[in-house]
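Sequential numbering from -8 applies to the sequence shown in this note's numbering.
For each residue, glycine too, the CB sits at the ideal point set by N, CA and C.
Owing to the predicted nature of the structure, the values given are computational and were not obtained by experimental measurement.
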Amino acid sequence: MLPETLPVCPVRGSVIYPTMVMPIDAGRPVSIRAIDQALTRERVLLIVSQKDKEVENPKPSDLYEVGTACNILKMRKNPDGSVQVLVQAFARVRVREWLDLGDHLEAKGEVLSDEPADPTLVKALVREVKDKFQALLKEGKYLAPEVAQFVLNLE
-8 MLPETLPVCP VRGSVIYPTM VMPIDAGRPV SIRAIDQALT RERVLLIVSQ KDKEVENPKP
52 SDLYEVGTAC NILKMRKNPD GSVQVLVQAF ARVRVREWLD LGDHLEAKGE VLSDEPADPT
112 LVKALVREVK DKFQALLKEG KYLAPEVAQF VLNLE
């Protein structure tokens, strides 16, 4: 169950999936404040990737609409003022509403279910990937032999 609102920690160039445990380094005030807020509540943080990693002070329009809810397992403050948190992701979340609180972002969202894929569709997609991969190999694109063998043996 998600809290009604979640502090948002924007990240650059990384994605975290449910069940992953990952360290997050936070140096920007917006991220540090979100982590502080999460620690004063249920220790749940919404990790959301930025669309452009060069943006220093991201607004909601700079973030993707789907993020990952994470439990904060540990936190360490560094001498330079940055923090490092160890998080464990537990759910993908679609943001329904962004809340810009000035010093950090929060979001209201809904958990996305992981419905099993249609086996017929999966087989068709695997077949299509193999066909396109073989076409690349015929064009003379170099790949390590073990990579080529791995893809061609997918079922």
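- Reference residue 20, options 118, 93, 8, closest by Cα: The sequence position of residue 20 within the sequence shown is 29, counting from 1. Looking at the Cα atoms, 93 is the closest of the given residues.
- Message: Tell me whether the stretch 125 to 143 and the stretch 27 to 38 touch, counting them as touching only if at least three CB pairs, one residue from each stretch, are closer than 8 Å.
- Response: No, because fewer than three Cβ pairs between the stretch 125 to 143 and the stretch 27 to 38 fall closer than 8 Å, the two stretches do not touch.
- Message: With DSSP as the reference, identify every bridge partner of residue 40, one or two as the case may be.
- Response: Against the sequence shown, residue 40 aligns to sequence position 49. Paired residues: 2.
- Item | As assigned by DSSP and simplified to three states, the class of residue 19 | Taking the first residue of the sequence shown as 1, we reach residue 19 at position 28. Note: residue 19 maps to coil in three-state DSSP.
- Query: Between the Cα of residue 91 and the Cα atoms of 48, 105, 75, 120, which residue gives the shortest distance?
  - Reply: Residue mapping note: residue 91 aligns to position 100 of the sequence shown, counting from 1. That would be 48, whose Cα lies nearest to the Cα of residue 91.
- Message: Quick test of the definition: if touching needs 3 or more C-beta pairs under 8 Å, does the stretch 57 to 76 touch the stretch 3 to 21?
- Response: Yes: the two stretches touch, three or more of their Cβ pairs being nearer than 8 Å.
- Message: Restricting to Cα atoms, I'd like to know which of -8, -5, 43 is closest to residue 5.
- Response: Residue 5 sits at position 14 when you count from the first residue of the sequence shown. Nearest to residue 5 by C-alpha distance, out of -8, -5, 43, is 43.
- Query: Is residue 50 close to chain C, meaning its C-beta is less than 8 Å from at least one C-beta of that chain?
  - Reply: Looking at the structure shown, chain C is missing, and only one protein chain is on hand.
- For residue 135, three-class secondary structure by DSSP: Stepping through the sequence shown from its first residue, residue 135 is reached at position 144. DSSP, read as helix, strand or coil, puts residue 135 in coil.
- Query: With 16 other CB atoms within 10 Å as the buried threshold, where does residue 135 fall?
  - Reply: Walking along the sequence shown from the start, residue 135 turns up at place 144. It counts as exposed.
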